Every structure is written in structure tokens, then in C-alpha cells.
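Note that the working numbering has the sequence shown beginning at -7, numbered continuously upward.
Glycine included, each C-beta is placed from N, C-alpha and C at the ideal position.
Note that the structure is predicted; figures quoted are calculated from it, not measured.
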Amino acid sequence: MKFIEFLKNRYILVLISALVLVFIIVLINVMNARDTKKPDVEIGYVTGGQLIPHEVEQRLKEVILPLIDDVTGDGKKKIRFIPLTGLRIDLEFTSEGTQIMLMNLGTFDKFAGLGAFDSLDSYTLDYKLDTKLFPEVRVKAEDTNEAHVYAIPVSEIALLSKNGFPVEDYYLAIRKPRSDQKLSMDKNENAHIILKEILALQ
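Right, dumping it as C-alpha cells:
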């Protein structure tokens, strides 16, 4: 009898989780549909439910907007910041999602090993970043023969660290694009342009 009750409770829990996930997906689609301007790059951030202050978001946009291209072709450049928490984090990696990810070490470890991010090896050389000081960013991902650098610590990015982002165990990574979709590739290029330029500001 206890086993049957356990199965019933487990079934209810799975059902509730599925309904919550469906609700989140619908809500995201509705919010995106209401936004008439399509973003040319999206920046997701994991901060335990805290939102970026509006003034910080505006300061970042002032620096970043002139750098990127209008890849959506709507005649306007737009950056969208997306807070990620709970189920939304996992959902982000099952969809087209954001191009730039700002996240804690736990989130980075989980998805870097799955091969979700672009290699940033060249950045460590071009901007003289000593990975011996932060070996955790070098990961051997699935379907790779050797480890690569997949993130830059926010502590090494002055534009972010001076604007209130966490500096301890917090990282920037760039999502792998969908190679079969031109818009995804173009947004990915915008993400790399942003990283290059903000590292050059050091």
C-alpha cells in the first residue's frame, strides 16, 4: 500500500513539474511576442533571482550597443538582458536561448561538460589571461579530445566587475550557435564582438 501511495505522490510531483514547465514556456513566448523589436544579441545572467538594476543595464547598453551589428534586419540595434533562475536555466539550454551567459561556477560546470559553449582559447592568448589563476575554466567537454577554455572570470572583465556583477566564482561564456541557422550564427558573432571589445577596455 505504501509503495502504491509513493508512486501516486511521485506521479503528482512529475505532473506538477511538467505543468510548471509548460506554463513557463508559454509565458516566455507571450512576453517575446509582445516585444516588437527583436534582439540582436541576448545576455542571460544567473544571480539567484536578483535583477540587474536598471541604471546598470543602461550603462552596459551604452557601451555595447555601438559595437554590435543589426543582424535581425529591423533597422534597430537591441540587446536583451534575461534573468535566469530555477527551471529557466535548463530551459535556456534546450532552446535557441541567449548568446552570452553570465553564471556561477556550478551552472558553468554543468553545461561546459556537455559542450554547450564556444572555446575561448584564443582570448586567453590575445588578452594575456593566465588560466593558471583560474584552472576551473578549462574543461574537457563531450565529443572533444582535449580540454579547452570555455569561460572568462568576471573578475577579469572590468566593465562587469565595476558595475556590480559578482566577481567570485562568476563567469562569462558564449553559447555555441546553431550552425544551420544564419541568424544564430550572426548573433553568435555579435557575442564575440562584445567579448573582444570589453576585454580591450581593461
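1. Buried or exposed for Q50, going by 16 or more other Cβ atoms inside 10 Å?
2. Is DSSP giving V159 helix, strand or coil here?
3. Whether or not the stretch 85 to 102 and the stretch 145 to 163 are in contact is what I'm after, with contact meaning three or more pairs of Cβ atoms, one per stretch, closer than 8 Å; do they touch?
4. Between the Cα of K30 and those of K179, R167, D82, spot the shortest distance and give me the residue it belongs to.
5. Using a 10 Å radius around the Cβ and a threshold of 16 neighbouring Cβ atoms, would you call R167 buried or exposed?
6. Would a C-beta distance cut-off of 8 Å place E134 and G98 closer than the cut-off?
7. Among the residues of its own chain, which have a CB less than 8 Å from the CB of L151, if the five just before and after it don't count?
8. Around the C-beta of K68, are 16 or more other C-beta atoms found within 10 angstroms, so that it is buried, or is it exposed?
9. When you compare each of I4, N137, V48, G40 to K154 by their alpha carbons, which one comes out closest?
10. Go ahead and pull the three-state DSSP assignment for V141.
11. Please report the distance separating the alpha-carbon of K120 from that of D32.
12. Identify the continuous alpha helix (DSSP H) that holds R72 and give its terminal residues.
13. Measure the CB-CB distance between T90 and G36 and report whether it falls below 8 Å.
14. On a Cα-Cα basis, can you pick out the residue from E88, K132, R130, N182 that is closest to D172?
15. Go ahead and label L11 buried or exposed: buried means 16 or more other beta carbons lie within 10 angstroms of its beta carbon, across all protein chains shown.
16. Quick check on this structure: which residue in G78, Y163, G156 has the alpha carbon closest to the alpha carbon of V129?
17. Here's the rule: buried if 16 or more other CB atoms are within 10 angstroms of the residue's CB, otherwise exposed. What is D27?
18. Grouping DSSP H, G and I as helix and E and B as strand, with all else coil, what is L164?
Once the coordinates are examined:
1. Exposed.
2. Residue state, collapsed to three classes: coil.
3. Contact holds: three or more Cβ-Cβ distances are below 8 Å.
4. Of all alpha-carbon atoms in K179, R167, D82, the one lying nearest the alpha-carbon of K30 is that of K179.
5. That one is buried.
6. Contact: no.
7. If we look at L151 and ignore the five residues flanking it on each side, its Cβ neighbours are L52, V55, I190, L193.
8. Answer is exposed; the Cβ neighbour count stays below 16.
9. Here the closest residue by C-alpha is V48.
10. The answer is strand: DSSP assigns V141 an E or B state.
11. C-alpha of K120 to C-alpha of D32: approximately 29 Å in a straight line.
12. In the DSSP assignment, R72 falls outside any alpha helix (DSSP H) and within the unbroken beta strand (DSSP E) covering 71 to 76.
13. In this structure, T90 sits near G36, with a CB-CB distance shorter than 8 Å.
14. In terms of Cα proximity to D172, the closest of E88, K132, R130, N182 is E88.
15. By the C-beta density criterion, L11 is exposed, having fewer than 16 other C-beta atoms within 10 angstroms.
16. Cα-wise, what sits closest to V129 is Y163.
17. Bear in mind that a pLDDT of 49 at D27, under 50, signals an unreliable position, so the number given afterwards is only what the model happens to contain. Using a 10 angstroms sphere on the CB of D27, the tally of other CB atoms stays under 16, which defines it as exposed.
18. Three-state DSSP puts L164 in a strand.
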